[in-house]
Amino acid sequence: MAKTQIKKLRAAGTVAVLSVIVVVLFFPLFVMLVRSIMTEAEIFDYPKLLPSGFHFQSYHNARYSADFLKWTGNTVTVVVCNIVGTVLSGFLCAYGFAKVHFKFKGLWFALTMASTMLPSITLRIPLYMMFHDWGWLGTLNPLIVPAFFGGGALNIFLIMQFIKGIPDSIFESAKIDGANNLRCMYSIALPNCVPLVAYLCITTFLGVWNDYSSALIYLTNSREKWTLALGLYKTALDPLFRDNQKMAMGVLMCIPPLVVFGFSQKQLIEGVSMTGIKA
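In this note's numbering, the protein residues as written are -11 to 267.
Quick look at the structure:
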């Protein structure tokens, strides 16, 4: 009986601690949501936390704002291009390392994986100078083009582990029938990596949608090309924007990642677990 009571107490303590953590993490989101349906006067009526009613005019103003629509379009463009570029170029590189034999393959793979040890901040200045020389600053190119050059060393490694798990005899049979490496990758490797493709698409979407630093560096002086993350930050500093409209824009920006994460938990868990098995 004593052991049972101890287990119940431990379970209750765990639930209590997790509940406190959840409340602390979600409290800023709660404040943002509540203040988005407040009037301007209620927002400055401290310490008032709950609104007197539901006022959705701020959502209407934010949703049909020309800037908001433009920034949303820019963000969607960057997200879609990054998903396509990351998956496509990542598979090309990973298939080459996994199934194609060429000179110095081990050296090139070692250099690729060594790039993960470089802090990303150390590449900001040379990349900025390079994009400046090319005339890309103020355009979406710095946020899109790099995704088509490998898609990241870790993604290459994960895809390569999946492809290595596919028997060589299947690829050899396809080549006997006349398939080249590109056809083998598209018809054999890709269908066998569907869980990983879903995982890469979801994580790329979440990472790019919330990317603020890259847009801040390359798009600061081009309001027409701002993404949602940068636009929301800039409007937070603009006194001409009402505070409830700023909060409404923040809520609208949070909806797509929450929806994607809510409907893709199975794919995320399956992708992570399969990655662990293959690795």
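All residues carry an ideal CB built from backbone N, CA and C; glycine is no exception.
On a predicted model such as this, the values are computed, not experimentally measured, just so you know.
First and last residue of the uninterrupted alpha helix (DSSP H) at residue i
| i | result |
| --- | --- |
| THR208 | First-last for THR208: undefined, no H or E at that position. |
| ASP165 | Counting along the chain, ASP165 falls outside any alpha helix (DSSP H), and DSSP gives it neither H nor E. |
| PRO276 | Because the chain is modelled from -11 through 267, residue 276 falls outside the range shown and cannot be assessed. |
| GLY140 | That residue, GLY140, is in no alpha helix (DSSP H); it is neither H nor E in DSSP. |
| ALA217 | 216 to 225 |
| TRP124 | No alpha helix (DSSP H) contains TRP124, which DSSP labels as neither H nor E. |
| ILE132 | 129 to 132 |
Local conformation of residue i per DSSP, three classes
| i | result |
| --- | --- |
| PHE42 | coil |
| LEU106 | coil |
| LEU95 | helix |
| ASP231 | helix |
| HIS89 | coil |
| THR63 | helix |
| ILE25 | coil |
| GLN149 | helix |
| THR2 | helix |
| PRO114 | helix |
| LEU37 | coil |
| GLY264 | Residue placement at GLY264 is flagged as unreliable, the pLDDT there being 49, under the threshold of 50; the coordinate-derived value follows with that caveat. Here GLY264 sits in helix by DSSP. |
| PRO244 | helix |
| TYR83 | helix |
| TYR200 | coil |
| PRO155 | coil |
| SER175 | helix |
| SER77 | helix |
| SER7 | helix |
Residue i burial status per 10 Å Cβ neighbour count (16 or more: buried)
| i | result |
| --- | --- |
| ALA203 | buried |
| TRP122 | exposed |
| ILE147 | buried |
| GLN(-7) | exposed |
| PRO130 | buried |
| GLN149 | buried |
| ILE109 | exposed |
| ALA267 | The predicted model places ALA267 with a pLDDT of 46, which falls under 50 and marks its position as unreliable; any figure quoted below should be read in that light. Classification of ALA267: exposed, given that the 10 Å Cβ count is below 16. |
| ILE265 | With a pLDDT of only 47 at ILE265, under 50, the local geometry of the prediction cannot be trusted, and no value is derived from it. |
| ARG23 | buried |
| MET105 | exposed |
| THR215 | buried |
| ASN232 | buried |
| PHE18 | exposed |
| ASN143 | buried |
Which listed residue (the options) has its alpha carbon closest to that of residue i
| i | options | result |
| --- | --- | --- |
| LEU21 | LEU240, GLY250, GLN253 and VAL247 | LEU240 |
| THR191 | LYS91, VAL72, PHE119 and PHE90 | VAL72 |
| ALA193 | VAL64, PHE97 and VAL19 | Residue 193 is actually Phe in this sequence, not Ala. It is VAL64 whose Cα lies nearest to the Cα of PHE193. |
| THR74 | PHE145, LYS(-9) and MET235 | PHE145 |
| SER252 | LEU188, VAL88, LEU13 and ILE109 | LEU188 |
| VAL238 | ASN49, LEU128, LEU38 and THR(-8) | Per the sequence shown, the amino acid found at residue 238 is Gly instead of Val. With distances taken between Cα atoms, GLY238 lies closest to ASN49. |
| MET101 | ALA141, ARG171, TRP59 and LYS152 | ALA141 |
| SER247 | VAL88, TRP197 and SER108 | The sequence given here places Val at residue 247; Ser does not occur at that position. It is TRP197. |
| LEU128 | ASN70, ASN232, SER24 and PHE44 | ASN70 |
| LEU125 | ILE9, THR208, GLU30 and GLN233 | THR208 |
| PHE56 | PRO245, SER108 and LYS234 | LYS234 |
| LEU218 | ARG230, PHE229 and ILE205 | ILE205 |
| PHE229 | SER201, SER46, VAL67 and TRP214 | SER46 |
| GLU212 | PHE15, THR223, ALA29 and ASN62 | ASN62 |
| VAL274 | GLY1, SER175, ILE132 and PRO16 | Shown here, the chain extends from -11 to 267; a query on residue 274 therefore has no answer. |
| ALA135 | TRP59, SER77, PHE92 and ARG171 | SER77 |
| ALA98 | LEU225, ILE113, ALA82 and LEU111 | ALA82 |
| PRO245 | LYS91, ASP199, LEU6 and ARG(-2) | ASP199 |
| VAL66 | TYR174, ALA236, GLY195 and ILE243 | GLY195 |
| TYR221 | GLY94, TRP59, PHE137 and GLU28 | TRP59 |
| ALA86 | ARG171, ILE113 and GLY153 | GLY153 |
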